[in-house]
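**Student:**
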Amino acid sequence: MKAASSWGRRFRCVRPAKGCGSFTSGVSARPRDRKHHNRGMQEDFVLALFGPTASGKTSVAEELASRFAAELISADSMQAYRGLPILTYQPAAPTRLVAIWELDHEGSVAEYQQLAQAAIDEVLSGGKTPIVVGGTGLYLRAALSALELPPAPAPGQREHWQRLYDSVGGERAHALLAERDPAAAASVHPNDRRRVVRALELTDAGRSLKSPADRLWSADTRRPTAVFGLDVPRAELLRRIEARTQAMFEAGVREEVGQALARPMSSTARKALGLEDIARLGDQEAVEALNLRTRRYAAYQRKWMRRIPGLVSVAADRPSGEVADEILEMVRARQHLPARRGRTANA
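So for the sequence shown, the working numbering puts the first residue at 4; every next one is plus one.
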């Protein structure tokens, strides 16, 4: 469940900085007894990092992991797929839940939640601290939340509702959903095929799309948790996005995409940012299209940051080692982590 890519280190352009914000710890739902853990560390403590694309989450997470006994766990929906390490910017350091699904696999947030929470438990049972890091807000919340999401649909169930939606159209499929689950129908547009289909799937199991999604945003977590968000000034973030896009093409992303598209791919995997643009456009046009899509996605991720309960915002305008030190100081001030030994501040 680990993956490493040597090309990933080419994209290190992080300079996070001094931060501000509120701090909150979640409630541990299942206390555990362990013989081995980081000395002085709060039992079952989880550290999480979130931020927009190119904000430097991976570099900061690696710096944190080098300072105490920790393991990284990805909260990125696209990094979970094998075969697209450049396009999805898979980390160079060993990270759980990276490259775990084949390209034809229909991954879901419910499946990810089961894997992520099992990984968190396994890291904790080994006496280490999990660092959950990623830019997919829903995946991050699913990993940390005390709420158990509805399971993925049974084989063939999703295809049944997809065929119905395609045959009768969005309006009629939505009307059927309104009969079966009025609350879910009120929150989903008829043209949103994916969510209408998912809501209909859930009605088969007597579940609702509406309530779990809302409750994910409660402050309750399975473990005591500190969540930090990297906030990069807009101009600097745009510069990093453009530099990273250029580095991707130099690293061979076009060839990677061509090889991936020659294989069966699920509808979920095909959502990888820039996949279709790279496949159909020339280099310059593809670079411009990917930059535009990434900028829009980064703006969307910034909105997610404001929705995560208790997130501490850390501005990003200095080296990743310094922001890691600042995060550790904030965490230690609340007696979660032991004092660091044998390192200078900028080591």
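Yeah, the Cβ is synthetic: ideal placement off N, Cα and C, and Gly gets one too.
With distances taken from CA atoms, which of Glu288, Ala272 and Tyr303 is nearest Arg85?
**Tutor:** The residue you call residue 85 lines up with position 82 of the sequence shown. With distances taken between Cα atoms, Arg85 lies closest to Ala272.
**Student:** Compute the minimum distance between the beta carbon of Val136 and the heavy atoms of the ligand ADP, and state whether it is under 7 Å.
**Tutor:** Among the ligands in the structure shown, none appear at all, so the ligand ADP cannot be discussed.
**Student:** Please list, in chain order, all residues of the same chain as Ala289 whose beta carbon is under 6 Å from its beta carbon, the five residues on each side excluded.
**Tutor:** The sequence position of residue 289 within the sequence shown is 286, counting from 1. These residues qualify, in order along the chain: Asp280 and Ile281.
**Student:** Which residue wins for smallest C-alpha separation from Glu365, given the options Phe48, Val49, Ala51 and Ala64?
**Tutor:** Outside the displayed range of the chain (4 to 350) lies residue 365, so it cannot be described from this structure.
**Student:** With distances taken between CB atoms, is the gap from Ile134 to Leu75 smaller than 8 Å?
**Tutor:** Translated into positions along the sequence shown, residue 134 becomes position 131. Translated into positions along the sequence shown, residue 75 becomes position 72. Yes, the pair counts as a contact, with Cβ atoms nearer than the cut-off.
**Student:** State buried or exposed for Ser111, treating a residue as buried only when at least 16 other CB atoms are found within 10 Å of its CB.
**Tutor:** By 1-based counting over the sequence shown, the position of residue 111 is 108. Buried, since its Cβ has 16 or more Cβ neighbours within 10 Å.
**Student:** Would DSSP call Gly354 helix, strand or coil?
**Tutor:** An answer regarding residue 354 cannot be provided, because it is not within the stretch 4 to 350 covered by the chain.
**Student:** Just the Cα atoms here: how many angstroms apart are Ala51 and Val171?
**Tutor:** Here residue 51 refers to the residue found at position 48 when the sequence shown is read from its first residue. Here residue 171 refers to the residue found at position 168 when the sequence shown is read from its first residue. Straight-line Cα distance between these residues: approximately 43 Å.
**Student:** Within its chain, find whatever has a CB closer than 8 Å to the CB of Glu245; leave out the 5 residues flanking it on each side and keep chain order.
**Tutor:** The residue labelled residue 245 in the question sits at position 242 within the sequence shown. So the qualifying residues of the chain are Asn294.
**Student:** Closest to Arg99 by C-alpha separation, out of Thr61, Val260 and His108, would be which residue?
**Tutor:** Indexing the sequence shown from 1 puts residue 99 at position 96. Ranking the options by Cα distance to Arg99, first place goes to Thr61.
**Student:** Please report the distance separating the alpha-carbon of Leu331 from that of Glu162.
**Tutor:** For this step, residue 331 is matched to residue 328 along the sequence shown. For this step, residue 162 is matched to residue 159 along the sequence shown. Approximately 47 Å between the Cα atoms of the pair.
**Student:** Along the chain, where does the alpha helix (DSSP H) that runs through Ala302 open and close?
**Tutor:** Taking the sequence shown and counting its residues from 1, one reaches residue 302 at position 299. Element bounds for Ala302: Asp286 to Arg310.
**Student:** Rounding to the nearest angstrom, what Cα-Cα distance links Gln82 and Val191 in this structure?
**Tutor:** Working through the sequence shown from its first residue, we reach residue 82 at position 79. Working through the sequence shown from its first residue, we reach residue 191 at position 188. Whole-angstrom Cα-Cα distance: 27 Å.
**Student:** I'd like to confirm the pairing. Which residues does DSSP put opposite Phe53 in its beta bridges?
**Tutor:** Against the sequence shown, residue 53 aligns to sequence position 50. Gly137 and Gly232.
**Student:** Using the rule of at least 16 other Cβ atoms within 10 Å of the residue's Cβ for burial, across every protein chain shown, is Gln262 buried or exposed?
**Tutor:** Position 259 of the sequence shown, counted from the first residue, corresponds to residue 262. Counting Cβ neighbours within 10 Å, Gln262 comes out exposed, since fewer than 16 surround it.
**Student:** Where DSSP assigns a beta bridge to Trp104, which residues make up the other side?
**Tutor:** Along the sequence shown, one-based indexing puts residue 104 at 101. DSSP, once it has assigned bridges, lists Tyr84 as partnering Trp104.
**Student:** Do you know how far the Cα of Gly209 is from the Cα of Gly138?
**Tutor:** Mapped onto the sequence shown, residue 138 falls at position 135. Mapped onto the sequence shown, residue 209 falls at position 206. Their Cα atoms are separated by approximately 31 Å.
**Student:** Using only CA atoms, which one of Arg298, Pro94 and Glu182 lies nearest to Thr206?
**Tutor:** As a position in the sequence shown, residue 206 is number 203, starting the count at 1. It is Glu182.
**Student:** In chain order, what residues of the same chain lie with their CB nearer than 8 Å to the CB of Asn194, ignoring the 5 residues before and after it?
**Tutor:** On the sequence shown, residue 194 is found 191 positions in, with the first residue counted as 1. Here the set comprises Gly173.
**Student:** Identify whether Arg99 lies in helix, strand or coil by the three-state DSSP scheme.
**Tutor:** Position 96 of the sequence shown holds residue 99. If DSSP states are grouped into helix, strand and coil, Arg99 belongs with the strands.
**Student:** How is Val315 classed by DSSP in three states: helix, strand or coil?
**Tutor:** For the purposes of this step, residue 315 is taken as the residue at position 312 of the sequence shown. Val315: strand per DSSP, three-state reduction.
**Student:** Buried or exposed: Gln116, going by 16 or more other Cβ atoms within 10 Å of its Cβ?
**Tutor:** Position 113 of the sequence shown, counting from 1, holds the residue named residue 116. Buried, by the Cβ-count rule.
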